[in-house]
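Data first, discussion second: the structure below is written as structure tokens.
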Amino acid sequence: MKRSLGRIGFLALALAVAAGCDDGGSDSTQDMGGGMGGMGGAGGAGGEGGGGGPDGQMVFMQICSSCHGADGGGTSLGPDIRNPADWGYNTYVVRNGRDDLDEFAGAMAAYGENIIDDATLDAIWTWLGEAEKPADGEGLFLRFCTNCHDADGSGGRALTPLMGEAHEVLEKVREGNGGDQYGVANLFMPAFDTDLITDAELELLRAYVESF
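What follows is the structure in structure tokens.
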């Protein structure tokens, strides 16, 4: 059982992460490079925040909101990506794109640093991390776990059902799994620290998983 729950991708992020959606064939790097001039650390078309750095919310609205919603809560084109757990994973998805999101209308294109640089991505992750979290176990599960395990915990793209695994939730959520093997959906799982999921919230999650 321990090994089976270790082979999960709990996110998130799973988290298709902040970037626009492909239209099924266009090269977004090329298309956006000409139309928006890139989203550099100095702001580019995205502008700067009050402290002089990139404005994460503004860039998100320009590049990501059409697929992930104005607040990052998801649409029929892309999943909920609020409260991201692993910025390294998020950045990996943006740089490499995703084509395994069958439940959504289109694949996600890859975005190079010429379009949106790492500092701007970090500003986006910071802004998404400020989203208010749900206060109950089901809501927390939908926010942090559904993208990989499906809403009913049946397995999803992580290929790991959670039925009967509630006893392992406390350990695996804190430890994560798979290091930085971001491209292996049934192996990678980010670690969720107490800043992201408190011990009380984790207990709510455990109790909810136990109800499956």
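Numbering (the numbering used here), first residue to last: 120 to 331. Just so it is clear, CB atoms sit at the ideal spot from N, CA and C, and this is done for glycine as well.
query	result
Measure how close the beta-carbons of Leu220 and Ala226 come, nearest whole angstrom, since I'm counting them as under 8 Å.	7 Å
Could you have a look at Met227 and say whether DSSP puts it in helix, strand or coil?	strand
Which ranges would you report for the alpha helix (DSSP H) in the segment 225 to 260 if only whole runs of at least 4 residues count?	237 to 248
Tell me which residues share the same chain as Ser273 and place their Cβ nearer than 6 Å to its Cβ, disregarding the 5 neighbours each side in the sequence.	Pro280
Between Thr313, Asn266 and Thr245, which lies nearest to Glu222 when the distance is taken from Cα to Cα?	Asn266
So the candidates are Ile243, Gly298 and His286; which of them puts its Cα closest to the Cα of Asp174?	Ile243
Counting beta carbon pairs with one atom in the segment 197 to 216 and one in the segment 236 to 250, are three or more of them shorter than 8 Å?	yes
Note down the Cα distance separating Gln176 from Ala189, rounded to an integer number of angstroms.	9 Å
CA-CA distance, Gly215 and Tyr301?	Before going on, a small fix: residue 215 reads as Asn here, not Gly. Looking at the two C-alpha atoms, the distance is approximately 10 Å.
Give me whichever residues DSSP pairs with Met308 in a beta bridge.	Asn296
Identify whether Arg217 lies in helix, strand or coil by the three-state DSSP scheme.	strand
Closest by CA to Met282, which one among Val328, Arg293 and His187?	Val328
Using the C-alpha atoms, what's the distance from Asn233 back to Glu76?	The structure shown does not extend to residue 76, since the chain is modelled only from 120 through 331, so no value can be given for it.
Hey, Phe263 and Asn202: beta-carbon distance below 9 Å or not?	yes
Give me, in chain order, the residues of the same chain whose beta-carbon lies closer than 7 Å to that of Ala310; leave out the 5 immediate sequence neighbours on both sides.	Arg293, Glu294 and Gly295
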